[in-house]
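**Student:**
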Amino acid sequence: MFLAFNEIRRGPVRFSLLALAIGLLLFLVLFQQAIQNGLITSFVGALRNQSAPVIVYSLDGQRTLQGSTISEEVEASIRSVDGIDAAARVDQATFTVRVDDETSDASILGTEDPSLGRPAELSGGRAPEAEGEAIGSDTDFAVGDEVTVVAGGDADPITIEVVGVARDVQLSVEPTLFTDLATYEAAVRAVNPRAPTVPVNAIFVRPADGVDPSELADRINEAAPDADAVTREVAADTAPGVAQVRQSFQIIFALYAMVVPLVTGLFFLIITLQKARSLTLLRAMGARTGTLAGALVTQVVAVTVAGIVAGVGLYALVTGGAQIGGLTLRFDPTLVAVWAAGFLLLAVVGSLASLRRVLRIDPIDATTGPGT
Amino acid sequence: MKLALKELRRRPGRFIAATAVLTVLAVLLMFLGGLLDGLLAGSTGAYRAQRAELIVYSSTARESLIRSRVDAALRDAVDATDGVEATGGLGTVQLGARPGDDPESRDLISIALLGYELAPRGLPDEPPAEGEVIADSTLEAEGIEEGDTLLLGPARREVTVTGFVDDTGYSGQISLWGSLDTWRSVTADNRPDRTFADDAVAALVVRVDGDASEVADRIDGATDGATNTLTIDEAIEALPGVSQQRSTFNQIIGVTAAIALVVVGLFFALITVERTSLYGILKAIGASSATLFGGVLLQAVLLALLASALGSLAALGLDALIPPGSLPFDITPSRLTTNVALMVVAAVAGCAFSLRRVLRIDPAAAIGAAS
Amino acid sequence: MTSTDQTSDPSDASEPSSAGTTGSGPSALRMVDVRKVYRSGDDEVVALDCDRLIVDPGEIVALVGPSGSGKTTLCSIAGGLLQATEGVVEVDGRDITDLSPSELTDFRRTAVGFVFQTVNLVPFLTARENLLVVDELGGRRNRDGRKAKERADQLLEELGLTDRAGNLPAALSGGQRQRVAIGRALMNDPALVLFDEPTSALDSKLGDQVVRLIRDEMKARGTSSIIVTHDDRITHYADRTVHIEDGRIAS
Chain A
83 MFLAFNEIRR GPVRFSLLAL AIGLLLFLVL FQQAIQNGLI TSFVGALRNQ
133 SAPVIVYSLD GQRTLQGSTI SEEVEASIRS VDGIDAAARV DQATFTVRVD
183 DETSDASILG TEDPSLGRPA ELSGGRAPEA EGEAIGSDTD FAVGDEVTVV
233 AGGDADPITI EVVGVARDVQ LSVEPTLFTD LATYEAAVRA VNPRAPTVPV
283 NAIFVRPADG VDPSELADRI NEAAPDADAV TREVAADTAP GVAQVRQSFQ
333 IIFALYAMVV PLVTGLFFLI ITLQKARSLT LLRAMGARTG TLAGALVTQV
383 VAVTVAGIVA GVGLYALVTG GAQIGGLTLR FDPTLVAVWA AGFLLLAVVG
433 SLASLRRVLR IDPIDATTGP GT
Chain B
50 MKLALKELRR RPGRFIAATA VLTVLAVLLM FLGGLLDGLL AGSTGAYRAQ
100 RAELIVYSST ARESLIRSRV DAALRDAVDA TDGVEATGGL GTVQLGARPG
150 DDPESRDLIS IALLGYELAP RGLPDEPPAE GEVIADSTLE AEGIEEGDTL
200 LLGPARREVT VTGFVDDTGY SGQISLWGSL DTWRSVTADN RPDRTFADDA
250 VAALVVRVDG DASEVADRID GATDGATNTL TIDEAIEALP GVSQQRSTFN
300 QIIGVTAAIA LVVVGLFFAL ITVERTSLYG ILKAIGASSA TLFGGVLLQA
350 VLLALLASAL GSLAALGLDA LIPPGSLPFD ITPSRLTTNV ALMVVAAVAG
400 CAFSLRRVLR IDPAAAIGAA S
Chain C
4 MTSTDQTSDP SDASEPSSAG TTGSGPSALR MVDVRKVYRS GDDEVVALDC
54 DRLIVDPGEI VALVGPSGSG KTTLCSIAGG LLQATEGVVE VDGRDITDLS
104 PSELTDFRRT AVGFVFQTVN LVPFLTAREN LLVVDELGGR RNRDGRKAKE
154 RADQLLEELG LTDRAGNLPA ALSGGQRQRV AIGRALMNDP ALVLFDEPTS
204 ALDSKLGDQV VRLIRDEMKA RGTSSIIVTH DDRITHYADR TVHIEDGRIA
254 S
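Chains A, B and C, in that order, give the protein sequences. Residue numbering for the first sequence follows our numbering, starting at 83 and increasing by one per position. Residue numbering for the second sequence follows our numbering, starting at 50 and increasing by one per position. Residue numbering for the third sequence follows our numbering, starting at 4 and increasing by one per position.
In structure tokens:
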């Protein structure tokens, strides 16, 4: 549209600044979404992406594996519930480990049933077949890594071999290893040789065919009042910290979203008022209201799209596998589409006031111009 | 300058919209800052309250209080080190607590029980008697009062709350402060795999006589590397999540300030276009570009200050609305000052976009120019 | 250089006529061999080519010529808004030919007054404040608040605007706005005031009033002025008329 783009070309600085503001806002929103998702995945990826649909903690565990202890009686009550296809003891704790020459923390999760509690999909390597083998989170381990659990006191350290890796399976923002229960217990004894029996942290359950996981969880809770059974999705969503992270970010997004219509609205209102006289002249010369309104909308869309492109570009740069403070930020096309559409809508809504002004121009005013 | 002020007073309309946008950004900055400060305070209170200079972990603990173990022999070595004035044991266990009158409650309160010897600020020099604890004031939001009991962990060990203390959170949990004996026995009952002997502790806080980092090195030397001694500030940085939260939030805050800069730049760029003829006349009758641009700066700074004031008020209102305990949120005076400074700097920098245009306005164009 | 033309006045129009000058001292304006040339690529546009123009203290000079003739360029150079390409420009005895832009700004603020054709006043300042703005632009060192206020009030009274002193320009008629502009031009007690078509936007009665006002004020103060105009009344009231065409002054 001639009018629309001509004006943009005459005042490139102004329009670029607006596009920049929109771009920065979009980038911030997408960036923070990536952080939010990355954070949540680093906290509970292991839970969300493992193979057991139902997780049973002890109530006192407060939805953390490490804090939860399942006594023998509670375990018996759990296993007696109808509709269970398989149930497995699962233990988890944080250990100090060494790979090559680097020492770090790692979460080790041991399960007595390879089909329950391990990552549902691998991104490399194979599943463990023998004791001493494990699947590792792929951001921290590579296939073939030899992980030594640092021993305490006079015990011998033990070594675990990473034979497979998986994506998005961290627990509590730590490198995570999935192995069998025997290897796990060996690790515990390596750190504390005098540890008495190793308690069971949780029971992972697979419902029988046709049984709904959340129904099964309810049944288990009824049968064992000290148990806290939840589906794996609920376990992930209600893990300590996750809800808080979500809540905080919601408020932040809402505030950023508010800024968009305000900024675009402000901009277009001002430039419309500034060129009110020229617009009136155009109308007097025979331009149709639809043409002028169309030019405005074209500008809004053009500038917003430019801003969106800039914002998405920046977001793509930052999420190109970047790690911020240990979080992997991923480029999410669905998210981009949703927010880009949202911003476009917000920008148009913001410019409605200017649109109204354009529609109200009366060509007769061209003859009685203001004098000074 | 008075010219710029008069314009603000006589023609407020055009400035109101920009102030509205800047206010929303100021609220954002306050919210982000308040969230960060709240998260940090809740994580680091227990350490900031310590009235000591160093903390000694075992070297296998990787700077985590939860994994650290200091036995009697190690402690003796630390005590004997030159420059060590006093040492106090410290230990923690994280459990779920039920109210004393509801042992079967399914709603657990996340607490961290801390045993101490050298009293942190706000706590009595003599730790509470066995079975008694002083709780962080955030516990009150859960409806617990002085004299109430709590049942800790699956073993439901009973403790009585005998008082409250402010700002001693540990790792985002509500802290309960008691004697080392209380801590050891509660841990033994609830975490049998993590028992501590009667003379063992998780870590030591140390009061020094002399330069803290030197003494720290000496301690680690004296124990032959079995300990890892940090200053309290270093230990705070090493607390889980602290440095990542800080850097992430600061990046976000930085970009938000950049947006404020762009908004100011945008707004004043628009206004300057409108003022071309006015500036032309003023320049013709003898106004320098410096004077005119100074007026622009003054207006930008005033808008930024106004937006900051409104934004701070709104944030304080938000703070009052958020029920305590649901979101970590803390408005500190230093955060307020920082944000105001950020807004002002952003506003001043944003004016740079108008500088060229103001400089280029040609007074000669004022003659013979139709308005 | 000068050519005789149709007028019966035999005197050299670029020099002041002996009749009608009231002041003494250095010339209000002295322009010698002043040229203003605009170059674009190989083309050259001569906007002004003035051999000699002298305005005496207290003289009113009407500047007449078709549009594009260089009137605006001449006034701009005389008023220190524009620098000449060649020649010497002196105002009130001071050589402004080679002043830097910031020196020119100071010069305009202290030595010259302008009354533009249409937009003159700051729209959000009252009449009185519009007069005071010149003083305020002077910066801390050069200001004299109280004296300026007294002078402003005095000028407003002389111009018959005392009861309009607190009005914004939008609340003033065209003639009143013009008078405020004249007052502002006189605030810094200039040696030279430059008027650009001061009566073009006014009806005949108002125009007449303004013209007389200009003459009375200028003469009373001994302030020189150059008035660009098409209006015959002004040429009638002026001490002499200078014709300009294609950048050159005719007589």
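Positions of the beta carbon are idealized from the N, C-alpha and C atoms, including for glycine.
1. Buried or exposed: which applies to residue 252 of chain C, given that a residue is buried once 16 or more other Cβ atoms fall within 10 Å of its Cβ?
2. Report buried or exposed for residue 287 of chain A, applying the criterion of at least 16 other Cβ atoms within 10 angstroms of its Cβ.
3. Does the beta-carbon distance from residue 198 of chain B to residue 149 of chain B come in below 8 angstroms?
4. What beta strand (DSSP E) runs, 3 residues minimum, are completely inside the stretch 145-229 of chain B?
5. Is residue 301 of chain B helix, strand or coil when you go by DSSP?
6. Let's test the definition: count the other Cβ atoms within 10 Å of the Cβ of residue 48 of chain C and tell me whether it reaches 16, buried, or not, exposed.
7. Could you tell me if residue 334 of chain A is buried or exposed, where buried requires 16 or more neighbouring beta carbons within 10 angstroms of its beta carbon?
8. For residue 248 of chain B, which option in B:309, B:100, B:413 and B:166 has the closest C-alpha, if you only look at C-alpha atoms?
9. Can you round the beta-carbon distance between residue 92 of chain B and residue 288 of chain B to whole angstroms, since I take them to be within the 8 angstroms contact cut?
10. In terms of residues, what are the limits of the beta strand (DSSP E) holding residue 284 of chain A?
11. I'd like to know if residue 433 of chain A contacts chain B, where contact means its C-beta is closer than 8 angstroms to some C-beta of that chain.
12. Answer yes or no: does any C-beta atom of chain C fall closer than 8 angstroms to that of residue 409 of chain B?
13. Is there contact between the stretch 232-248 of chain A and the stretch 263-281 of chain A, where contact requires at least three CB pairs shorter than 8 angstroms?
14. Any C-beta of chain C sitting closer than 8 angstroms to the C-beta of residue 56 of chain B?
15. Along the stretch 92-115 of chain B, what residues have a CB closer than 7 angstroms to any CB found in chain A?
16. For residue 133 of chain C, report the span of its alpha helix (DSSP H) as first-last.
17. For residue 146 of chain B, I'd like the list of residues in its chain whose CB is within less than 6 angstroms of its CB, leaving aside the five on either flank, ordered along the chain.
18. Helix, strand or coil for residue 433 of chain A, going by three-state DSSP, please let me know.
19. Scan the stretch 350-361 of chain B for residues whose Cβ lies nearer than 8 angstroms to a Cβ of chain D and list them as they occur along the chain.
20. At what residues does the beta strand (DSSP E) containing residue 457 of chain A begin and finish?
21. Report the residues of the stretch 411-430 of chain A with a CB closer than 9 angstroms to any CB of chain B, ordered along the chain.
22. For the beta strand (DSSP E) that residue 85 of chain C lies in, which residues bound it at each end?
23. One question on the structure: do residue 202 of chain C and residue 234 of chain C come within less than 8 angstroms of each other, judged by their Cβ atoms?
24. Which term fits residue 39 of chain C, buried or exposed, when burial requires 16 or more other beta carbons within 10 angstroms of its beta carbon?
25. State the start and end residues of the unbroken alpha helix (DSSP H) segment that holds residue 308 of chain A.
26. Going by DSSP, name the residue or residues bridged to residue 400 of chain B.
27. According to DSSP, is residue 239 of chain A helix, strand or coil?
28. Just to make sure I have the definition right: I need the residues of chain A whose C-beta is within less than 7 angstroms of the C-beta of residue 247 of chain B. Which are they?
29. Near residue 349 of chain A, what residues of its chain come up, given a Cβ to Cβ distance below 7 angstroms and the 5 sequence neighbours on each side ignored?
30. Taking DSSP as the reference, what is the three-state secondary structure of residue 181 of chain C?
31. Below 6 angstroms CB to CB, which residues in the same chain sit around residue 264 of chain A once its five sequence neighbours on both sides are set aside?
32. With distances taken from CA atoms, which of B:370, B:384, B:228 and B:246 is nearest residue 78 of chain B?
33. On the DSSP letters alone, give me the boundaries of the alpha helix (DSSP H) that residue 150 of chain C sits inside.
34. Report the rounded CA-to-CA distance for residue 34 of chain C versus residue 112 of chain C, giving the unit in angstroms.
35. In whole angstroms, give me the CA-to-CA distance for residue 342 of chain B and residue 73 of chain C.
36. What do you reckon, are the CB atoms on residue 58 of chain C and residue 237 of chain C nearer than 8 angstroms?
**Tutor:** The structure says:
1. buried
2. buried
3. yes
4. 158-165, 181-185, 198-201, 206-214 and 223-228
5. helix
6. By the 10 Å Cβ count, residue 48 of chain C comes out exposed.
7. So residue 334 of chain A ends up on the buried side.
8. Residue 248 of chain B has its Cα closest to that of B:166, out of B:309, B:100, B:413 and B:166.
9. 6 angstroms
10. 284-289
11. no
12. no
13. yes
14. yes
15. 109 and 111
16. 130-139
17. Around residue 146 of chain B, the same chain offers 158, 160, 199 and 201 as residues with beta carbons nearer than 6 angstroms, after the five sequence neighbours per side are excluded.
18. coil
19. In the structure shown, chain D cannot be found, because the protein chains are A, B and C.
20. Chain A is shown only over 83 to 454; residue 457 of chain A falls outside these bounds and no answer can be derived.
21. none
22. That residue, residue 85 of chain C, is in no beta strand (DSSP E); it is neither H nor E in DSSP.
23. Yes; because the gap between Cβ atoms is below 8 angstroms, this pair is in contact.
24. Buried.
25. Here residue 308 of chain A belongs to no alpha helix (DSSP H), and DSSP marks it neither H nor E.
26. Its beta-bridge partners do not exist; DSSP assigns none.
27. Annotated three-state conformation of residue 239 of chain A is coil, per DSSP.
28. Ordered by position in chain A, no residue passes the 7 angstroms Cβ test against residue 247 of chain B, which lies about 16 angstroms from the chain.
29. 100
30. helix
31. Beyond the five residues adjoining it in sequence on each side, residue 264 of chain A comes within less than 6 angstroms, by CB distance, of 213 in the same chain, given in chain order.
32. B:384
33. 148-161
34. The alpha-carbon of residue 34 of chain C is positioned some 20 angstroms away from that of residue 112 of chain C.
35. 32 angstroms
36. no
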